[in-house]
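**Q** Residue numbers (my numbering): 159 to 302. Could you have a look at this structure, given as structure tokens, before my questions?
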Amino acid sequence: MSGKSKIDIFKNMTLDELNTEINKHNISQRIYQRLIAMKLISEGHTLKDTGEILGVTYATINRWANMCEKGGLEGLKPNFKGGRPSYLTDEEKIILDEMIQKTPNMVLIDVHNLILEKFNVDYSMKQVWVIVKQLGYNYSKNLS
Numbered sequence: 159m160s161g162k163s164k165i166d167i168f169k170n171m172t173l174d175e176l177n178t179e180i181n182k183h184n185i186s187q188r189i190y191q192r193l194i195a196m197k198l199i200s201e202g203h204t205l206k207d208t209g210e211i212l213g214v215t216y217a218t219i220n221r222w223a224n225m226c227e228k229g230g231l232e233g234l235k236p237n238f239k240g241g242r243p244s245y246l247t248d249e250e251k252i253i254l255d256e257m258i259q260k261t262p263n264m265v266l267i268d269v270h271n272l273i274l275e276k277f278n279v280d281y282s283m284k285q286v287w288v289i290v291k292q293l294g295y296n297y298s299k300n301l302s
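Dropping the structure here:
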């Protein structure tokens, strides 16, 4: 092991709070991995060693430790922004669903062409499949 980390992960939480959170069974894998990283750091492992143990880069461990130092346990929770908004609105997806229901024996290419024709959006076939799945259809040759 190299030198001990100078980041104070217990600035906004206690070791007991960290252990309690780790022992919860309903936390996500991402949070769990971050908590284990903080546990390893608290036991004296360096950021580099912690990253090697968990299979994560030093930069990632350093970022997590800094987030923990600034925000405690809340700082370790992922802050997803939801990604890029869909080109189709929720209302357009409802209309698409109604069109699929009215047209028997549709396949993905038909849905792709329908989206392109009615909504002027050229999705990849993979994204058409994702949308069809979101609408509750199981993939098969025919969507009906």
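Heads up, the beta-carbon is just placed ideally off N, CA and C, and yes, glycines get one too. Being a predicted model, the structure only gives us computed values, none of them experimental.
What three-state label does DSSP hand G202 in the structure shown?
**A** In this structure, G202 counts as coil in the three-state DSSP scheme.
**Q** Given this structure, state the Cα-to-Cα distance separating I180 from D268, to the nearest angstrom.
**A** So the two alpha carbons sit approximately 48 Å from each other.
**Q** Check whether the stretch 196–206 and the stretch 222–230 touch, using three or more Cβ-Cβ pairs below 8 Å as the test.
**A** Yes, they touch.
**Q** Comparing C-alpha positions only, which one of T208, K251 and P243 sits nearest to K276?
**A** Among T208, K251 and P243, the Cα nearest to that of K276 is on K251.
**Q** According to the neighbour-count rule (16 or more other Cβ atoms, all chains shown, within 10 Å of its Cβ), is R192 buried or exposed?
**A** When all chains shown are included, R192 counts as buried.
**Q** Which term fits A217, buried or exposed, when burial requires 16 or more other beta carbons within 10 angstroms of its beta carbon?
**A** Its Cβ having fewer than 16 others within 10 Å, A217 is exposed.
**Q** Starting from T178, follow the alpha helix (DSSP H) in both directions and report where the run begins and ends.
**A** Here the alpha helix (DSSP H) through T178 covers L173 to N181.
**Q** In whole angstroms, what is the alpha-carbon distance linking I258 and R188?
**A** C-alpha separation (whole angstroms): 37 Å.
**Q** Using only the alpha-carbon positions, how far apart do S163 and E175 sit?
**A** Between S163 and E175, the C-alpha separation is close to 20 Å.
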